[in-house]
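Just so we're on the same page, my numbering is the position in the sequence shown counted from 1, plus 2. Here's the structure we're looking at; comments come further down.
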Amino acid sequence: MVSLIWRIELLTYRNTQKEIEAANIDTAVIPLGSVEQHSSHLPIGTDAMFAEAFSEKLAERFDALLLPVLPISTCYEHKGKKGSVWMRPSTFYTMLQDIIGSLHSQGFKKVILILGHGGIFAAFPAVRELNATKNDLQIIIYAPDVDDDVKQIMDTKKNEVHAGESETSLMLYLFEELVNKEEMMKNDFVPDVPQNFLNYTPVHKLSPTGVWGEPSLATKEKGEKIFNMMLDKAEAYINNALKYAVKEEW
3 MVSLIWRIEL LTYRNTQKEI EAANIDTAVI PLGSVEQHSS HLPIGTDAMF AEAFSEKLAE
63 RFDALLLPVL PISTCYEHKG KKGSVWMRPS TFYTMLQDII GSLHSQGFKK VILILGHGGI
123 FAAFPAVREL NATKNDLQII IYAPDVDDDV KQIMDTKKNE VHAGESETSL MLYLFEELVN
183 KEEMMKNDFV PDVPQNFLNY TPVHKLSPTG VWGEPSLATK EKGEKIFNMM LDKAEAYINN
243 ALKYAVKEEW
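Now the structure itself:
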C-alpha cells in the first residue's frame, strides 16, 4: 500500500513505462551533481546527494518525472585529491544535450535542471543552445545558492564557497549519519583570495582542509531552514522563468 501511494505522488525511474505513459506528464527534473572532495567531514558524493534530495521535493511540486541524479560532472577545481572524479566540459555538454533531446523526442515539453555543484559551467551554454534551436521545448536551469536571505540564517561572516556552514548544515539535515561531526569542528578555513582564483588553481592549493568556509558553525536546524528556503526560491524562480521561456525556436 505504501508503494502505491508513493508512486501516485512521485514518478521516478522506479516506475514502469506503462505508469509513466498513463501519467501523461510533460515535465522532467534532472538533478546534476558532482563527486569531489568535501574535506574530511563530508562524503565525496555530497553534491550528488543534495541535488537528488532537493530535486525530489521539487519534482513533487511540479508534478514531474524525477530522473536519476547525474552524479559526475566537471570539477577540475578538485583535481589532485583522490576520489574526485570529473569529465571534460565538452563531454558533459554533449551528454546533457543528448539526454534532453531524448526526453523531447518522447513528448516532454519542459525540463528542469537542478545544479548541486556550482562549477558545472558547461550546463548553461548547453541549455541556451537547446532553448534557441528546439521547437516546443522549455529548459530551465537552477542552482540553489547562498543568497542574502540564506545568509540571514547563517552565523559566518566570511565568504562561503565549499563544504562550509551552509553545505554542512544541509547535510546534517538530510544525511546526518554521513557527517563526521568531530572532523567538521576543525576544518574551518577561508582563503584570503577571491573565489575566481579557482580559475587558476585547485581548492587544495588554497585551503589545507579543502574547505572554503566555516563548517564548525553548522547545525541540523539551520540546514532544515536553508533547505526549505532554497526550495521555495527554486519554485518561484522556475515558475517565473517558464512564463518568459518561449516555446518555439528563437
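Heads up, the beta-carbon is just placed ideally off N, CA and C, and yes, glycines get one too. Every value quoted in this text rests on a predicted model; they were computed, and no experiment measured them.
Check                                                                                                                                                       : Outcome
Select from Tyr239, Asp28, Leu115 and Val213 the residue whose C-alpha is nearest the C-alpha of Lys188.                                                    : Val213
Since Tyr239 is in the alpha helix (DSSP H), which residue starts that stretch and which ends it?                                                           : Lys222 to Tyr246
Could you pull out every residue in the same chain whose Cβ sits closer than 7 Å to the Cβ of Glu79, ignoring the five residues on either side in sequence? : Gly121, Leu200, Pro204 and Val205
Let me know the beta strand (DSSP E) ranges lying completely inside the segment 19 to 79, each 3 residues or longer, listed in chain order.                 : 29 to 34
Quick check on the burial criterion: 16 or more other C-beta atoms within 10 angstroms. Buried or exposed for Trp8?                                         : A caution first: Trp8 carries a pLDDT of 42, below 50, which makes its placement in the model too unreliable to give a value.
Could you say which of Ile27, Val163 and Trp252 lies nearest to Glu216 if we only look at CA atoms?                                                         : Val163
Inspect the beta-carbon positions of Lys207 and Gly82 and report whether they are closer than 9 Å.                                                          : yes
Over the uninterrupted beta strand (DSSP E) stretch that includes Tyr144, give me the two end residues.                                                     : Gln140 to Tyr144
In whole angstroms, what is the alpha-carbon distance linking Ala238 and Asp149?                                                                            : 15 Å
Taking just the CA atoms, how far does Trp252 sit from Val4?                                                                                                : In this prediction, Val4 has a pLDDT of 39, which is less than 50 and means its spatial position is unreliable; nothing more can be read from the coordinates.
What's the C-alpha gap between Glu11 and Ala66?                                                                                                             : 10 Å
Do you know whose CA, among Asn133, Ser209, Val181 and Leu72, lies nearest Pro196's CA?                                                                     : Ser209
Can you tell me whether DSSP reads Ile7 as helix, strand or coil?                                                                                           : Any reading at Ile7 is ruled out, since the residue's pLDDT is 43, under 50, leaving its predicted position unreliable.
Could you name the residues that DSSP lists as bridge partners for Trp214?                                                                                  : His164
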